[in-house]
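Residue numbers (our numbering): 23 to 265.
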């Protein structure tokens, strides 16, 4: 039979008390704070060498280990700053829109859930040690929260982290590929626009030159005709005078 024991009071009490941090910080800060740390480490570990190679010429770095370390730190800080800016922006939006209370309530729920998950992993890990298992069964085996802690902790520990990491990596690669495609398309559109503009300008310039040449030819033709008429008149006058 399960009873509400001192262990339950401690677990629930600490979960609520530590979860109050989420009430004051809000849901957005709680979630994005976690994303900033975990996501930052993941992204930094993946792109540390690339970023390090970009920074190396500026700082004059030659050691591959130093380049990777500097790249890791720079990527981690950069990712965290981006998340921090997003957090501030979203918090201001929720405050202006009147959703601040909802943000804080969900922040409390998320913060409490995070603490409960931490307790679950700890309890599950201890329960797997034979020297602790009999003691735990005897002392807190009948508590209400204990079975839930073990079940949740077991689920978390047994998660296929390699698969999750692969899914995250695929997601990051997808975003990177889409960004590259977008940049390439933008460059192609810009180049195409520049080519069209240059072609149009060239055609217009050539047309203008053609018109100017045609006008000059026409002017010369008119002058030549006038000269011929003038010469013809002079010849006629001379002929009449000779007669």
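A virtual CB, placed ideally from N, CA and C, is assigned to each residue, including glycine.
Which of the three DSSP states is assigned to residue i in this structure?
i: residue 119; result: coil
i: residue 180; result: coil
i: residue 150; result: coil
i: residue 84; result: coil
i: residue 48; result: coil
i: residue 41; result: helix
Applying the 10 Å Cβ sphere with the 16-neighbour rule, what's the burial state of residue i?
i: residue 74; result: buried
i: residue 252; result: exposed
i: residue 182; result: Any reading at residue 182 must be qualified, since the residue scores a pLDDT of 49, below 50, and its modelled position is unreliable; no value is offered.
i: residue 35; result: exposed
i: residue 48; result: buried
i: residue 65; result: buried
i: residue 151; result: exposed
i: residue 160; result: exposed
i: residue 37; result: buried
i: residue 33; result: buried
Going along the chain, which residues of its own chain have a beta-carbon closer than 6 Å to the beta-carbon of residue i, five neighbours each way excluded?
i: residue 148; result: 154
i: residue 165; result: 27, 29, 30
i: residue 130; result: 41, 44, 45
i: residue 78; result: 89
Could you name the residues of the same chain whose beta carbon sits closer than 7 Å to that of residue i, not counting the 5 residues immediately before and after it, in chain order?
i: residue 70; result: 90, 93, 94, 97
i: residue 125; result: 48, 49, 50, 116
i: residue 132; result: 44, 49, 52, 53
For residue i, I'd like the list of residues in its chain whose CB is within less than 8 Å of its CB, leaving aside the five on either flank, ordered along the chain.
i: residue 172; result: 142, 145, 146, 149
i: residue 205; result: none
- Inside the region 193–256 only - alpha helix (DSSP H) runs reaching at least 4 residues: none
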